[in-house]
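Accompanying notes for the structure given below.
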Amino acid sequence: MFHAPLVGYSDLSFITNERKLTDMTVTKEMIASIDQSQPVWDDPLLQRYLLYIYGVQQQKLADFYQISQEDHGNFSVEKNMLQQFPRTFSSASTTDEEVPFKYSKQLKRLIPECKFVPVYNLEHDFLKHTEDEQVKKVLDSLTEWLR
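Position in the sequence shown (first residue = 1) + 1029 = the numbering used here.
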């Protein structure tokens, strides 16, 4: 048994940290036409991503997620629980602004059977760069891990 699709973070403390995901500034006017009165379940026009970028830039993700500071604990995976996870494969980039690298390193330390393959100076969704030597190494490591 294995668990591969773990997002990478085990708590929400980072959502209030200043991060730069793009050089483009998303303004309130740019998101004004997006219906924010209903949860987004299907997003073929990727409007939700624009809201996400705005939320990160304005440090409003907690508001968008409707999560108070007191609620953060409800969205945390405690260390003792991580220690009970099944074997896990993880990879992350040192320059990832979406999921801070420290979270990926923490998973490696806390999950007993965690295979962690870091990459350096690549973006968050680095797996799309299949010709990059670091990505090839990650994919080869994953193939071997799955055997």
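Here a beta-carbon is modelled for each residue, glycine too, at the ideal position from N, C-alpha and C.
Bear in mind that the values here come from a model prediction, so they are computed numbers and not experimental data.
Coil, strand or helix - residue i by DSSP
i	result
Ser1062	coil
Thr1117	strand
Ser1122	strand
His1001	Any answer about residue 1001 is impossible in this case: the structure gives the chain only from 1030 up to 1176.
Arg1077	helix
Glu1047	coil
Val1069	coil
Pro1034	Legend: pLDDT at Pro1034 = 40, less than 50; position of this residue unreliable, value from coordinates given subsequently. Three-state result, Pro1034: coil.
His1153	coil
Thr1056	coil
Asp1040	coil
Glu1127	coil
Gln1087	coil
Range of the contiguous beta strand (DSSP E) that encloses residue i
i	result
Arg1138	Here Arg1138 belongs to no beta strand (DSSP E); instead the alpha helix (DSSP H) covers 1130-1139.
Phe1145	1143-1148
Any chain C beta carbon closer than 7 Å to residue i
i	result
Thr1159	The structure shown contains no chain C; it is built from a single protein chain.
Candidates the options, of which the one nearest residue i by Cα
i	options	result
Asp1125	Asp1040, Lys1134, Thr1117	Lys1134
Phe1114	Ser1120, Val1106, Tyr1149	Val1106
His1153	Arg1077, Ile1063, Val1164, Lys1144	Val1164
Leu1041	Lys1166, Leu1075, His1101	His1101
Thr1056	Gly1084, Glu1099, Leu1075	Gly1084
Leu1244	Tyr1081, Gln1086, Ser1039, Thr1117	As displayed, the chain neither begins before 1030 nor continues past 1176, which places residue 1244 out of reach and without an answer.
Ser1039	Val1128, Ser1122, Leu1168, Lys1089	Val1128
Ala1091	Lys1166, Leu1074, Ala1061, Ile1044	Ile1044
Tyr1132	Ser1120, Glu1142, Pro1141	Ser1120
Met1053	Gln1065, Leu1074, Asp1064, Leu1080	Leu1080
Leu1156	Ser1097, Val1167, Gln1095	Val1167
Tyr1150	Ser1122, Met1059, Gln1065	Going by the sequence as given, residue 1150 is Asn instead of Tyr. Checking every option, the nearest Cα to that of Asn1150 belongs to Ser1122.
Range of the contiguous alpha helix (DSSP H) that encloses residue i
i	result
Lys1108	1108-1111
Asp1092	1090-1094
Cβ distance (whole Å) where residue i is taken to contact residue j below 8 Å
i	j	result
Lys1137	Phe1145	4 Å
Gln1112	Pro1141	6 Å
Leu1139	Lys1089	Leu1139 to Lys1089, Cβ: 30 Å. No contact.
For this session: Give a yes or no on contact between the segment 1045-1054 and the segment 1065-1073, applying the rule of three or more CB pairs nearer than 8 Å.
Result: no
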